[in-house]
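So the protein lines, in turn, are chains D and C. Here the first sequence is numbered in our numbering, starting from -2 and rising by one per residue. Here the second sequence is numbered in our numbering, starting from 6 and rising by one per residue. The structure appears below as structure tokens.
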Amino acid sequence: MTTATKTKMQAVTGNQAVAEALRQIDPDVIAAYPITPSTEIMQRFSEFVSNGKVETELILVESEHSAMSACIGASAAGGRVATATSAQGLALMWEMLHIASGYRLPIMISLVNRALSAPLNIHGDHSDGMGARDTGWIQLYSENAQEAYDNSVMAYRIAEHVDVRLPIMVCMDGFIISHSIESMQFLEDEDVKKFVGEHKQIDPLLDFDNPKSIGALVLPDYYMEHKRAQHEATTKVKQVVLNVSAEFGKKFGRDYGLFETYRLEDAEVVLVALNSAAGTIKDEVDRYREKGVKAGLLKPRLFRPFPYDEVGDALKNAKAVCVMDRADSYGGHGPLFMEVASALYPHRQGPALFNKVYGLGGRDLMPHHVDQVLDETIEVAKTGAVKMIKEYITVRN
Amino acid sequence: MKQMNWKELPHAGTILDAGNADGYETGSWRSFKPRWIEENCIQCLFCWIYCPDTSVTVKDEKMTGFDYKHCKGCGVCAVECPGKKGNKAIVMEEEGK
């Protein structure tokens, strides 16, 4: 039963959807250095600023390193803070990403996933987000504009939760989602404002009656205690994501969890994939189901912290699982595969597991590519034998 | 002092006790110690301005000596001291001699 006002469906780009979420949230400070394909978010947001639609102080800086630095300063001062970036932009922020999480600052990045150079490429893959895997940020992945919007609305509730207080990235695929127009449903301004609520920073620096210091040098006698405490905060994220998502679902009628399962319950042949590819895979799962194949999909939403127990439980009864990575770890297995393999380690008698790297640099994943993967997964389910653990598809051989 | 465990640390490691560097005695780092020779001092307060650790003590606008709990013995004061008629009012002496 939803309590919120119903709004009509609208046709927008993913970037437009996220810009709208930011307008409705109206953060105190946004510091940005726009980069393709996330540019449109800030382009639209700067119009909101110029037209007086938001109170936000928009700081235009000279690099992404400065953008994140300004976000850190503004957040430590006590503000609710956001930025948007992609690929090299996120890579340039890398040093500061660790500072934001170490200081426990609930900053939001709208990350429009794009391939990292070289070779130079502006299209969508997940190498930027996966590169920031170990920076201490929460990562939510979004299949389409609707999910990117909904995740943005939920982001601060998760990041700012008193048990968590960690920065958060809301990710969507560059161009495939950021620039494609699809129909989605916005929430009313008032509903978003009420849902997101007020921000109250813990120990803000702009509190002259209580002077304090952040960022002090910590030597070997204390560094590890700080890191252990930071890890503890990440262990609280799962429950907060579930609670916030449940409240969102109750109010607005769209349900989210730690991951989405699609026809997974009795599935023997399972694909695991992030973001937009999941849409294509769902269609093919339907087609294979019609043919009598027990196919299913698991689409992670919360990638950091990774819900190992829940993913392991969801996949343990499958016969074969293929994890599809839109990012590579050169000399290693795909980053999503490594997590799923860890999740399944306690279920070693469970499914046969293998890894396909696809869609790098925005290379399309077509339905017939998914069919090839499903066919191979069916074969592995039958024989239990994996020929090659990691292999590239959608590549010319 | 008993060291805190990870559960006892303040949120984000923020230092809530402002100015607590005062309690950290960096004077033990010193291998050379500044000595004040009062008869050569013209009270220019260059030492007070230049000291990176605010370890030159001043009372009623007059230099009175050093805070040896915090002075690291960097020697900047001795270099900057103009002294009187070529005689320095601050000299550095090796610790323990």
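By construction, the Cβ of each residue, glycine as well, lies at the ideal position given by its N, Cα and C atoms.
Buried or exposed for residue i, please, with buried defined as at least 16 other CB atoms from any protein chain shown within 10 angstroms of its CB.
i, result
"Gly133(D)", "buried"
"Arg345(D)", "exposed"
"Glu52(D)", "exposed"
"Gly381(D)", "exposed"
"Ser98(D)", "buried"
"Asn12(D)", "buried"
"Asn206(D)", "Reading off the sequence, residue 206(D) comes out as Asp, not Asn. So Asp206(D) counts as exposed."
"Gln198(D)", "buried"
"Gly398(D)", "This structure does not reach residue 398(D), given that chain D is present from -2 up to 394, and the question cannot be answered."
"Asp27(C)", "exposed"
"Arg225(D)", "exposed"
"Lys64(C)", "exposed"
"Asn10(C)", "exposed"
"Pro39(C)", "buried"
"Val320(D)", "buried"
"Gln227(D)", "buried"
"Asp131(D)", "exposed"
"Thr4(D)", "exposed"
"Tyr253(D)", "buried"
"Glu94(D)", "A small fix is needed here, since residue 94(D) is Leu in this sequence, not Glu. Buried, by the Cβ-count rule."
Where do the ends of the beta strand (DSSP E) carrying residue i lie?
i, result
"Ser149(D)", "Per DSSP, Ser149(D) belongs to no beta strand (DSSP E); it is in the alpha helix (DSSP H), Ala142 to Ala156."
"Pro108(D)", "The identity of residue 108(D) in the sequence shown is Leu, whereas the question assumes Pro. Run containing Leu108(D): Met105 to Asn110, per the beta strand (DSSP E) assignment."
"Arg40(C)", "Phe37 to Trp41"
"Gly73(D)", "Correcting the residue identity first, residue 73(D) is Ala in this sequence and not Gly. It is not in any beta strand (DSSP E) - Ala73(D) instead sits in the alpha helix (DSSP H) that spans Glu61 to Ala74."
"Leu295(D)", "Ala292 to Pro297"
Would you mind telling me which residues of chain B sit closer than 7 angstroms to residue i, beta carbon to beta carbon, in chain order?
i, result
"Lys209(D)", "In summary, chain B is missing from the structure at hand, where the protein chains are D and C."
What residues in its chain sit with their C-beta under 7 angstroms from that of residue i, if we drop five residues either side in the sequence?
i, result
"Leu324(D)", "Looking at the sequence provided, one finds Ala at residue 324(D) rather than Leu. So the qualifying residues of the chain are Asp122, His123, Ser124, Met127, Gly331 and Pro332."
"Gln48(C)", "Lys67 and Met68"
"Cys86(C)", "Phe51, Cys52, Lys93, Ala94 and Ile95"
"Val81(C)", "Tyr55, Cys56 and Pro57"
"Leu362(D)", "Ala274, Thr277, Tyr355, Gly356 and Thr391"
"Arg77(D)", "Pro24, Asp25, Tyr153 and His196"
"Arg393(D)", "none"
"Pro343(D)", "Gly309"
"Val282(D)", "Tyr259, Arg260, Ala292, Gly293 and Leu294"
Could you spell out the range, first to last residue, of the alpha helix (DSSP H) harbouring residue i?
i, result
"Phe71(C)", "Segment Lys67 to Phe71 is the beta strand (DSSP E) holding Phe71(C); no alpha helix (DSSP H) there."
"Asp188(D)", "Asp186 to Val193"
"Ala88(D)", "Ala84 to Gly99"
"Lys379(D)", "Pro364 to Thr380"
"Cys319(D)", "Careful: Cys319(D) lies outside any alpha helix (DSSP H), inside the beta strand (DSSP E) at Ala317 to Asp322."
"Cys49(C)", "From DSSP, Cys49(C) is part of no alpha helix (DSSP H); its letter is neither H nor E."
"Leu19(D)", "Gly11 to Ile22"
Examine chain C for any beta-carbon lying closer than 8 angstroms to the beta-carbon of residue i, and answer yes or no.
i, result
"Ile32(D)", "no"
"Asp186(D)", "no"
"Glu222(D)", "yes"
"Val354(D)", "no"
"Ile96(D)", "no"
"Val215(D)", "yes"
"Ile199(D)", "yes"
"Val234(D)", "no"
"Ala226(D)", "yes"
"Arg323(D)", "no"
"Tyr100(D)", "yes"
"Asp218(D)", "yes"
"Met(-2)(D)", "Because Met(-2)(D) carries a pLDDT of 48, less than 50, the predicted location of this residue cannot be relied on, and no value is offered for it."
"Met385(D)", "no"
For residue i, which residues in the same chain have their Cβ closer than 6 angstroms to its Cβ, ignoring the five residues on either side in sequence?
i, result
"Gln143(D)", "Met181"
"Tyr73(C)", "Gly32"
"Val308(D)", "Ala340"
Hey, does residue i have any beta-carbon neighbour from chain D nearer than 8 angstroms?
i, result
"Met9(C)", "yes"
"Leu14(C)", "yes"
Considering Cα atoms alone, identify which of the options is closest to residue i.
i, options, result
"Val337(D)", "Pro297(D), Leu163(D) and Leu57(D)", "Pro297(D)"
"Glu157(D)", "Pro103(D), Asp186(D) and Leu261(D)", "Pro103(D)"
"Glu43(C)", "Met97(C), Gly24(C) and Gly70(C)", "Gly70(C)"
"Gly276(D)", "Ile211(D), Glu257(D) and Phe45(D)", "Glu257(D)"
"Val237(D)", "Leu268(D), Leu295(D), Arg154(D) and Glu229(D)", "Arg154(D)"
"Glu222(D)", "Ile54(C), Phe37(C) and Gly18(C)", "Gly18(C)"
"Ile22(D)", "His196(D), Ala270(D) and Asn394(D)", "His196(D)"
"Asn118(D)", "Ile375(D), Glu376(D), Lys384(D) and Arg360(D)", "Arg360(D)"
"Met166(D)", "Gly75(D), Ile135(D) and Ile178(D)", "Ile135(D)"
"Pro208(D)", "Lys384(D), Gly254(D) and Ala73(D)", "Ala73(D)"
"Leu214(D)", "Ile96(D), Ala145(D), Ala16(D) and Met6(D)", "Ile96(D)"
"Ala84(D)", "Glu281(D), Ile69(D), Ala112(D) and Ser107(D)", "Ala112(D)"
"Ala88(D)", "Thr10(D), Val109(D), Glu244(D) and Asp368(D)", "Val109(D)"
"Ser78(C)", "Lys90(C), Met97(C), Lys89(C) and Gly88(C)", "As written in the sequence, residue 78(C) is Gly, which differs from the Ser given in the question. Nearest option by C-alpha distance: Met97(C)."
"Asn314(D)", "Ser326(D), Val267(D) and Tyr285(D)", "Val267(D)"
So, for residue i: in the same chain, excluding its five sequence neighbours on each side, which residues have a beta-carbon less than 8 angstroms away from its beta-carbon?
i, result
"Tyr30(D)", "Leu57, Val58, Glu59, Ser60, Glu61, Ser63, Ala64, Thr82 and Gly86"
"Pro15(C)", "Leu21"
"His366(D)", "Tyr355, Ile390 and Thr391"
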